[in-house]
Amino acid sequence: MNAKTSANLLQVDGLACRFDGVTAVADLSFGVRAGEIKAVIGPNGAGKSTLFNMIAGVTRANAGEIRFDGARIDHLPTFQRARRGIARTFQNLQIFRDMSVLENVMVGRHMRGSAGVANAILHGPSLRAEERAIAAAATDLLDRFGLADKAQMQAGALSFGQLKILELARALAGAPRLLLLDEPAAGLPHADADRMGEIICGLNREGMTVLLVEHNMRMVMALSHDILVLNNGRRIAEGTADEVRRHPEVLAAYLGEAEDA
Amino acid sequence: MLAIPFIAPNAYVVSLANMALINLILAASLNLLMGYGGQISLSHAGFFGLGAYASGILNVKLGVTPWLGLPAAALITAAAAWVIGLPALRLRGHYLSMATLGWNAILVVLFNQLVNLTGGPNGLLGVQPFALPGFEGFAGLKLDTEPRAFPLVWLASLLVMLAILNLLRSRIGRALRAVATNELGADAVGVDSFRTKLVVFVLSAAMAGIAGSLYVHVNQYASPETFGVATSILLIVVVAIGGSGSYWGPLLGALTYTALPQILLDYEDAELMLFGLGMLIVLIAFPGGLASVPDALVRVFSRLFASKRRP
Numbered sequence: 002m003n004a005k006t007s008a009n010l011l012q013v014d015g016l017a018c019r020f021d022g023v024t025a026v027a028d029l030s031f032g033v034r035a036g037e038i039k040a041v042i043g044p045n046g047a048g049k050s051t052l053f054n055m056i057a058g059v060t061r062a063n064a065g066e067i068r069f070d071g072a073r074i075d076h077l078p079t080f081q082r083a084r085r086g087i088a089r090t091f092q093n094l095q096i097f098r099d100m101s102v103l104e105n106v107m108v109g110r111h112m113r114g115s116a117g118v119a120n121a122i123l124h125g126p127s128l129r130a131e132e133r134a135i136a137a138a139a140t141d142l143l144d145r146f147g148l149a150d151k152a153q154m155q156a157g158a159l160s161f162g163q164l165k166i167l168e169l170a171r172a173l174a175g176a177p178r179l180l181l182l183d184e185p186a187a188g189l190p191h192a193d194a195d196r197m198g199e200i201i202c203g204l205n206r207e208g209m210t211v212l213l214v215e216h217n218m219r220m221v222m223a224l225s226h227d228i229l230v231l232n233n234g235r236r237i238a239e240g241t242a243d244e245v246r247r248h249p250e251v252l253a254a255y256l257g258e259a260e261d262a
Numbered sequence: 034m035l036a037i038p039f040i041a042p043n044a045y046v047v048s049l050a051n052m053a054l055i056n057l058i059l060a061a062s063l064n065l066l067m068g069y070g071g072q073i074s075l076s077h078a079g080f081f082g083l084g085a086y087a088s089g090i091l092n093v094k095l096g097v098t099p100w101l102g103l104p105a106a107a108l109i110t111a112a113a114a115w116v117i118g119l120p121a122l123r124l125r126g127h128y129l130s131m132a133t134l135g136w137n138a139i140l141v142v143l144f145n146q147l148v149n150l151t152g153g154p155n156g157l158l159g160v161q162p163f164a165l166p167g168f169e170g171f172a173g174l175k176l177d178t179e180p181r182a183f184p185l186v187w188l189a190s191l192l193v194m195l196a197i198l199n200l201l202r203s204r205i206g207r208a209l210r211a212v213a214t215n216e217l218g219a220d221a222v223g224v225d226s227f228r229t230k231l232v233v234f235v236l237s238a239a240m241a242g243i244a245g246s247l248y249v250h251v252n253q254y255a256s257p258e259t260f261g262v263a264t265s266i267l268l269i270v271v272v273a274i275g276g277s278g279s280y281w282g283p284l285l286g287a288l289t290y291t292a293l294p295q296i297l298l299d300y301e302d303a304e305l306m307l308f309g310l311g312m313l314i315v316l317i318a319f320p321g322g323l324a325s326v327p328d329a330l331v332r333v334f335s336r337l338f339a340s341k342r343r344p
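This is the structure:
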């Protein structure tokens with residue numbers, strides 16, 4: 002390992018995943034540097050979602066290693082990876098619909114609290130202070146993303162675009178170090194997608210490391226410092242937007258998809 | 034509520050009030066698990082019985098005071114729930130229901146068969162009531178009648194309700210509701226779904242154990258048929274009728290469950306049928322249970338007025 006790879010916040014080595022003989026991801030290695038926005042793109046079925054799920058811990062890898070901040074995480078369940086600082090959003094929103102908007106974000110801050118069951122039942126001063134701190138942090142996030150006036154609404158009543166923002170706020174509530182964004186702009190009208198892009202950009206300026214899967218090429222090209230292109234579960238290119246755009250294999254993969262369609 | 038022993042026409046009504054409060058503890062603790070946690074347990078009556086027999090047997094066989102029997106009952110039921118929940122809660126879906134159904138059946142067999150301990154089908158006899166210890170100028174007082182036991186049962190149910198409220202208003206309660214609505218989402222924000230469910234399952238069983246201890250020392254008797262699978266199913270119905278996932282739902286459910294059979298007593302054979310019919314009507318008309326009736330009525334009336342205002 003050279004100095005460059007060991008400085009990566011997320012490092013993936015030789016990752017592979019097969020479902021019933023179908024190879025979704027094969028021998029994939031790449032790194033995400035602290036402070037960068039990295040995008041994973043590729044035609045449908047390229048293995049992007051599988052890769053995301055393996056990093057988040059929803060899907061187990063058949064082979065390979067995943068390191069976060071230098072430590073192996075591939076044996077950890079999802080919630081422990083989250084506690085180490087990997088937060089995510091979902092392509093198909095996974096919102097707590099029956100809970101209020103504020104409560105959704107407060108659950109996001111769960112892992113930064115420490116009160117146990119006994120303390121919760123007795124509701125002593127330390128618990129009250131912690132609860133106030135959690136509520137304040139959640140309110141700040143809602144303020145920041147313009148959802149403060151909807152704090153007490155049931156989350157299920159929000160529009161699709163608002164839910165996407167809410168899920169992002171929930172992910173940020175745990176103060177993560179790596180943000181996994183699964184199609185943050187998918188399904189959003191133009192203006193909302195642009196706003197989402199601005200939000201991601203703003204977070205990155207504050208130092209947040211972002212790994213995103215996205216189909217909106219305009220957004221990917223505008224945001225990403227680095228792009229990883231997958232096809233059939235393998236890496237076919239990696240580099241800046243300009244490098245990737247000119248890569249012959251990338252052109253072939255996307256043209257091939259266009260012909261099939 | 035505290036005034037009931039003084040205004041009640043007779044001890045029978047007070048005994049119903051005691052039973053309603055014990056049912057409240059049972060329904061509220063099951064609601065915590067089922068309404069807020071989304072986990073269906075079919076052994077709540079079994080834990081109720083385990084608490085009753087634990088406290089009762091400690092008292093009858095070893096002379097342990099009920100004041101110690103009550104926390105012991107809570108601890109024993111909690112430990113049992115932990116052992117059952119550890120494997121059953123790892124699996125998603127209906128495994129908890131299956132496992133707890135079996136567990137309740139096993140408990141009833143034990144209550145019946147361990148005759149030396151439980152008294153078998155004849156029931157556990159000679160259980161002592163709670164008693165206030167005597168001190169200088171005070172001879173002590175046995176809480177051996179329903180009106181005397183009432184304040185204690187009232188206080189215990191109040192504390193259980195308060196504990197549930199506090200829990201729900203904490204990070205644990207939020208995590209529980211999050212796990213119930215969307216486990217994938219809860220995992221992603223660092224909530225340990227399994228541990229959260231296990232903790233609440235254990236807690237709800239401990240509360241049923243407390244109800245059992247109160248029951249056995251107030252009635253000074255327990256017999257196996259009170260704690261069967263049928264009672265477990267009825268408790269689920271009580272929670273659903275009151276309003277699953279609503280804080281006050283269990284109170285409405287427990288009051289209905291305790292009072293309705295008395296009102297229907299005049300109809301003798303039709304009693305069960307009317308009870309079932311009422312249950313169906315409530316759940317079809319108000320899927321959110323009795324607790325949702327005021328909201329539903331407000332909605333209906335506001336719609337009526339809104340349509341009248343149109344020309």
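First to last, the protein sequences are chains A and B. One point on numbering: in the working numbering, the residue at position 69 of the first sequence is 70, and numbering is uninterrupted. One point on numbering: in the working numbering, the residue at position 99 of the second sequence is 132, and numbering is uninterrupted. The beta carbon of each residue, even a glycine, is placed where N, CA and C say it ideally should be. Predicted, not measured: the structure shown is a model, and the values here were computed from it.
- Contacts between Phe161 (chain A) and chain B, judged by CB atoms closer than 9 angstroms, are missing: the closest CB pair is about 16 angstroms apart.
- The beta carbon of Arg73 (chain A) sits closer than 8 angstroms to the beta carbons of Glu66, Ile67 from its chain, once the five residues preceding and following it are set aside; these are given in chain order.
- Interface residue (Cβ-Cβ distance to chain A less than 7 angstroms): Asn199 (chain B) is classified as such.
- Close CB contacts of Ala88 (chain A) within its chain, under the 6 angstroms cut and outside five residues either way in sequence, are with Ala172, Gly175, Pro177, Leu180 (chain order).
- Phe20 (chain A) has A:Val23 as its beta-bridge partners, per DSSP.
- DSSP places Asp225 (chain B) outside both helix and strand once states are collapsed to three, so it counts as coil.
- Per DSSP, Val102 (chain A) lies in no beta strand (DSSP E); the unbroken alpha helix (DSSP H) holding it starts and ends at 102–109.
- Looking at A:Gly48, A:Pro44, A:Lys39, the one whose alpha-carbon comes closest to that of Val23 (chain A) is A:Gly48.
- Taking C-alpha positions only, Pro162 (chain B) is separated from Lys175 (chain B) by approximately 7 angstroms.
- Burial is judged here by how many other beta carbons sit within 10 angstroms of a residue's own beta carbon; Arg133 (chain A) has fewer than 16 and is exposed.
- According to DSSP, Thr210 (chain A) shares a beta bridge with A:Leu179.
- Within the same chain, and ignoring the five residues on either side of Met112 (chain A) in sequence, the residues whose Cβ sits closer than 6 angstroms to its Cβ are Arg84, Gly175.
- Restricting attention to B:Leu316, B:Phe338, B:Thr291, the CA atom closest to the CA of Val46 (chain B) is found in B:Thr291.
- Annotation: Cβ neighbours of Ser203 (chain B) in chain A (cutoff 7 angstroms, chain order): Ala116, Ala121, Leu128, Glu132.
- Taking the CA atoms as reference points, Phe31 (chain A) sits about 30 angstroms from Arg110 (chain A).
- Per DSSP, the continuous alpha helix (DSSP H) segment holding Val46 (chain B) begins and ends at 44–64.
- Within the region 226–239 of chain B, the residues whose Cβ lies closer than 8 angstroms to any Cβ of chain A are, in chain order, Ser226, Val232, Leu236.
- Near chain B, meaning a CB-to-CB distance below 8 angstroms, the residues of the region 91–103 of chain A are Phe91, Gln95, Ile96, Phe97, Arg98, Asp99, Met100.
- Collapsing the DSSP output to three states places Glu66 (chain A) in a strand.
- By the Cβ-count criterion, Glu179 (chain B) is buried, with 16 or more other Cβ atoms from all chains shown falling within 10 Å of its own Cβ.
- About 23 angstroms separates the CB atoms of Leu298 (chain B) and Val186 (chain B); that is not less than 8 angstroms, and the two are not in contact.
- Interface flag for Val23 (chain A) against chain B is unset, since no Cβ pair is found closer than 7 angstroms.
- The beta carbon of Asn215 (chain B) falls within 7 angstroms of a beta carbon belonging to chain A, placing the residue at that interface.
- The three-state reading of DSSP puts Asp75 (chain A) in coil, since its state is none of H, G, I, E or B.
- Residues of the region 61–81 of chain A whose Cβ lies closer than 7 angstroms to any Cβ of chain B, in chain order: Thr79, Phe80.
- Exclusion of the five residues before and after Gly58 (chain A) leaves Leu77, Pro78, Thr79, Arg82 as the residues of its chain whose Cβ lies within less than 7 angstroms of its Cβ.
- Of B:Leu143, B:Ile139, B:Gly159, the smallest CA-CA separation from Gln253 (chain B) is found for B:Gly159.
- At a cut-off of 7 angstroms between C-beta atoms, Arg84 (chain A) counts as an interface residue with respect to chain B.
- Contact between Val230 (chain A) and Phe53 (chain A) is absent: CB atoms are separated by about 15 angstroms, not below the 8 angstroms threshold.
- Here Val271 (chain B) has Ala60, Gly286, Tyr290 as same chain residues with Cβ atoms under 6 angstroms from its own Cβ, once five neighbours each way along the sequence are excluded.
- With fewer than 16 neighbouring CB atoms inside 10 Å of its own CB, Pro320 (chain B) falls in the exposed class.
- Taking Ala111 (chain B) as reference, the option from B:Ala244, B:Ser256, B:Ser190 with the minimal CA-CA separation is B:Ala244.
- Interface with chain B (7 angstroms Cβ-Cβ cutoff): Arg145 (chain A) is excluded.
- Annotation for Val235 (chain B): Ala111, Ala114, Trp115 place their beta carbon closer than 6 angstroms to its own, counting only its chain and skipping 5 residues before and after.
- DSSP places Ser225 (chain A) in the coil class of the three-state scheme, outside both helix and strand.
- Against Ala208 (chain B), the close residues of chain A are Val108, His111, in the order they occur along the chain (beta-carbon pairs closer than 8 angstroms).
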